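For the sequence shown, the working numbering assigns the number 270 to the initial residue and increments by one for each residue that follows.
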Amino acid sequence: MTAMLWILLPLFVAAGSALLSFYIMQARLEVAVAKERESLAEANATIKNQEKLMVEKVKSAEESTMRHAFDQFLGDFRVEERHYMRENKSMFVNRKALVLQERLFFRNIPLSNWVEHEMVVEEGSDVKQLAREASIFSTRTLSSDDKHLNSRLLKARESKTA
270 MTAMLWILLP LFVAAGSALL SFYIMQARLE VAVAKERESL AEANATIKNQ EKLMVEKVKS
330 AEESTMRHAF DQFLGDFRVE ERHYMRENKS MFVNRKALVL QERLFFRNIP LSNWVEHEMV
390 VEEGSDVKQL AREASIFSTR TLSSDDKHLN SRLLKARESK TA
(Lines of atoms letter the chains of each structure in order from A; the text may use other names.)
(Lines give C-alpha, C1' and ligand atoms only; values in the text may rest on other atoms or scores of the structure.)
Protein backbone atom coordinates (compact mmCIF):
# COMPACT_ATOMS: atom_id res chain seq x y z
CA MET A 270 0.00 0.00 0.00
CA THR A 271 2.85 2.38 0.76
CA ALA A 272 4.37 1.62 -2.61
CA MET A 273 1.12 2.36 -4.31
CA LEU A 274 0.87 5.63 -2.36
CA TRP A 275 4.37 6.65 -3.46
CA ILE A 276 3.43 5.88 -7.09
CA LEU A 277 0.03 7.63 -7.07
CA LEU A 278 1.10 10.67 -4.97
CA PRO A 279 3.36 12.17 -7.67
CA LEU A 280 0.63 11.52 -10.26
CA PHE A 281 -1.93 13.24 -8.02
CA VAL A 282 0.40 16.19 -7.38
CA ALA A 283 1.16 16.44 -11.13
CA ALA A 284 -2.55 16.39 -11.96
CA GLY A 285 -3.25 19.03 -9.31
CA SER A 286 -0.38 21.21 -10.57
CA ALA A 287 -1.61 20.83 -14.16
CA LEU A 288 -5.14 21.76 -13.09
CA LEU A 289 -3.87 24.74 -11.07
CA SER A 290 -1.67 25.98 -13.93
CA PHE A 291 -4.62 25.51 -16.32
CA TYR A 292 -6.88 27.74 -14.20
CA ILE A 293 -4.13 30.35 -13.76
CA MET A 294 -3.48 30.43 -17.52
CA GLN A 295 -7.23 30.58 -18.17
CA ALA A 296 -7.52 33.63 -15.86
CA ARG A 297 -4.52 35.30 -17.54
CA LEU A 298 -6.10 34.60 -20.94
CA GLU A 299 -9.41 36.15 -19.81
CA VAL A 300 -7.55 39.26 -18.57
CA ALA A 301 -5.70 39.53 -21.91
CA VAL A 302 -8.95 39.08 -23.84
CA ALA A 303 -10.67 41.73 -21.69
CA LYS A 304 -7.82 44.18 -22.36
CA GLU A 305 -8.04 43.45 -26.10
CA ARG A 306 -11.80 43.94 -26.07
CA GLU A 307 -11.36 47.24 -24.25
CA SER A 308 -8.80 48.48 -26.77
CA LEU A 309 -11.03 47.22 -29.61
CA ALA A 310 -14.01 49.11 -28.15
CA GLU A 311 -11.91 52.28 -27.91
CA ALA A 312 -10.72 51.82 -31.49
CA ASN A 313 -14.30 51.27 -32.68
CA ALA A 314 -15.46 54.39 -30.84
CA THR A 315 -12.62 56.40 -32.40
CA ILE A 316 -13.43 55.03 -35.85
CA LYS A 317 -17.14 55.86 -35.47
CA ASN A 318 -16.25 59.35 -34.28
CA GLN A 319 -13.90 59.87 -37.22
CA GLU A 320 -16.55 58.53 -39.60
CA LYS A 321 -19.14 61.01 -38.24
CA LEU A 322 -16.65 63.84 -38.57
CA MET A 323 -15.80 62.77 -42.12
CA VAL A 324 -19.48 62.61 -43.10
CA GLU A 325 -20.07 66.08 -41.62
CA LYS A 326 -17.01 67.47 -43.41
CA VAL A 327 -18.14 65.95 -46.70
CA LYS A 328 -21.66 67.39 -46.26
CA SER A 329 -20.18 70.77 -45.36
CA ALA A 330 -17.90 70.68 -48.40
CA GLU A 331 -20.81 69.67 -50.66
CA GLU A 332 -23.02 72.46 -49.30
CA SER A 333 -20.21 74.97 -49.67
CA THR A 334 -19.54 73.83 -53.23
CA MET A 335 -23.22 73.92 -54.16
CA ARG A 336 -23.62 77.37 -52.59
CA HIS A 337 -20.56 78.61 -54.49
CA ALA A 338 -21.83 77.10 -57.75
CA PHE A 339 -25.27 78.64 -57.20
CA ASP A 340 -23.70 82.02 -56.47
CA GLN A 341 -21.71 81.75 -59.68
CA PHE A 342 -24.86 80.76 -61.57
CA LEU A 343 -26.79 83.73 -60.18
CA GLY A 344 -23.82 85.97 -60.94
CA ASP A 345 -24.23 85.12 -64.62
CA PHE A 346 -27.66 86.81 -64.69
CA ARG A 347 -27.69 90.50 -65.47
CA VAL A 348 -30.19 93.16 -66.43
CA GLU A 349 -29.65 95.49 -69.35
CA GLU A 350 -31.48 98.72 -68.82
CA ARG A 351 -31.98 101.86 -70.86
CA HIS A 352 -34.21 104.85 -70.42
CA TYR A 353 -34.98 108.07 -72.17
CA MET A 354 -37.36 110.99 -71.92
CA ARG A 355 -40.33 111.27 -74.25
CA GLU A 356 -42.27 114.48 -74.72
CA ASN A 357 -45.86 114.45 -75.90
CA LYS A 358 -46.92 117.86 -77.05
CA SER A 359 -50.55 118.50 -77.62
CA MET A 360 -52.42 121.76 -77.90
CA PHE A 361 -52.89 122.42 -74.21
CA VAL A 362 -50.65 119.90 -72.44
CA ASN A 363 -46.92 119.43 -72.66
CA ARG A 364 -46.35 116.05 -71.02
CA LYS A 365 -42.92 114.56 -70.23
CA ALA A 366 -42.61 110.83 -69.69
CA LEU A 367 -39.72 108.62 -68.71
CA VAL A 368 -39.54 105.49 -70.83
CA LEU A 369 -37.68 102.65 -69.12
CA GLN A 370 -36.73 99.53 -71.07
CA GLU A 371 -35.29 96.42 -69.42
CA ARG A 372 -34.11 93.03 -70.60
CA LEU A 373 -32.83 90.03 -68.60
CA PHE A 374 -29.66 88.23 -69.73
CA PHE A 375 -27.97 84.97 -68.78
CA ARG A 376 -24.32 85.46 -69.69
CA ASN A 377 -24.79 86.81 -73.26
CA ILE A 378 -28.12 85.16 -73.95
CA PRO A 379 -31.22 87.36 -73.66
CA LEU A 380 -33.92 85.64 -71.60
CA SER A 381 -36.64 88.18 -72.24
CA ASN A 382 -37.70 90.77 -74.74
CA TRP A 383 -37.47 94.41 -73.92
CA VAL A 384 -39.99 95.29 -71.23
CA GLU A 385 -41.07 98.90 -71.54
CA HIS A 386 -42.57 101.16 -68.88
CA GLU A 387 -43.71 104.69 -69.42
CA MET A 388 -44.07 106.95 -66.40
CA VAL A 389 -45.24 110.52 -66.36
CA VAL A 390 -42.57 112.79 -64.89
CA GLU A 391 -43.65 115.73 -62.80
CA GLU A 392 -41.57 118.84 -62.39
CA GLY A 393 -38.85 118.47 -59.77
CA SER A 394 -39.15 114.68 -59.39
CA ASP A 395 -36.10 112.44 -59.23
CA VAL A 396 -35.82 110.56 -62.53
CA LYS A 397 -33.36 107.97 -61.23
CA GLN A 398 -35.56 107.13 -58.25
CA LEU A 399 -38.57 106.86 -60.54
CA ALA A 400 -36.63 104.49 -62.83
CA ARG A 401 -35.55 102.34 -59.86
CA GLU A 402 -39.11 102.06 -58.57
CA ALA A 403 -40.51 101.05 -61.96
CA SER A 404 -37.88 98.41 -62.65
CA ILE A 405 -39.15 94.85 -62.86
CA PHE A 406 -35.85 92.99 -62.57
CA SER A 407 -34.14 95.03 -59.87
CA THR A 408 -34.40 94.00 -56.24
CA ARG A 409 -36.47 96.25 -54.05
CA THR A 410 -36.78 96.25 -50.30
CA LEU A 411 -40.25 96.10 -48.87
CA SER A 412 -41.49 98.84 -46.61
CA SER A 413 -42.94 97.88 -43.24
CA ASP A 414 -46.47 98.37 -44.59
CA ASP A 415 -45.75 96.04 -47.50
CA LYS A 416 -44.26 93.45 -45.16
CA HIS A 417 -47.31 93.63 -42.90
CA LEU A 418 -49.68 93.30 -45.86
CA ASN A 419 -47.71 90.36 -47.30
CA SER A 420 -47.64 88.55 -43.95
CA ARG A 421 -51.42 88.97 -43.61
CA LEU A 422 -51.93 87.63 -47.14
CA LEU A 423 -49.72 84.62 -46.39
CA LYS A 424 -51.57 83.89 -43.14
CA ALA A 425 -54.93 84.14 -44.92
CA ARG A 426 -53.70 81.77 -47.63
CA GLU A 427 -52.38 79.28 -45.08
CA SER A 428 -55.69 79.30 -43.20
CA LYS A 429 -57.58 78.61 -46.44
CA THR A 430 -55.37 75.65 -47.36
CA ALA A 431 -55.55 74.13 -43.86
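Glycine residues also receive a C-beta, built at the ideal position from the N, C-alpha and C atoms.
What you are looking at is a predicted structure, and each value in this text was computed from that prediction instead of being measured.
Report yes or no: do the region 325-332 and the region 346-358 share at least 3 C-beta pairs separated by less than 8 Å?
-> no
From the DSSP output, in three-state form, read off M360 for me.
-> coil
Do you know how far the Cα of L309 is from the Cα of V302?
-> 10 Å
Determine the burial state of L380: buried for a count of at least 16 other Cβ atoms within 10 Å of its Cβ, exposed for fewer.
-> exposed
Per DSSP, K365 forms a beta bridge with which residues?
-> E356
The alpha helix (DSSP H) enclosing M323, as first and last residue numbers = T271 to G344
Could you check if E371 is buried or exposed, using at least 16 other CB atoms within 10 Å of its CB as the buried criterion?
-> buried
Go through its chain and collect everything with a Cβ distance to R364's Cβ below 6 Å, but skip five positions before and after it.
-> N357
Report yes or no: is there a C-beta of chain C within less than 9 Å of the C-beta of H352?
-> Any reference to chain C falls outside this structure, which holds one protein chain only.
Rounded distance between the beta-carbons of L369 and H386, thought under 8 Å | Indeed they touch by this definition, with Cβ atoms about 5 Å apart.
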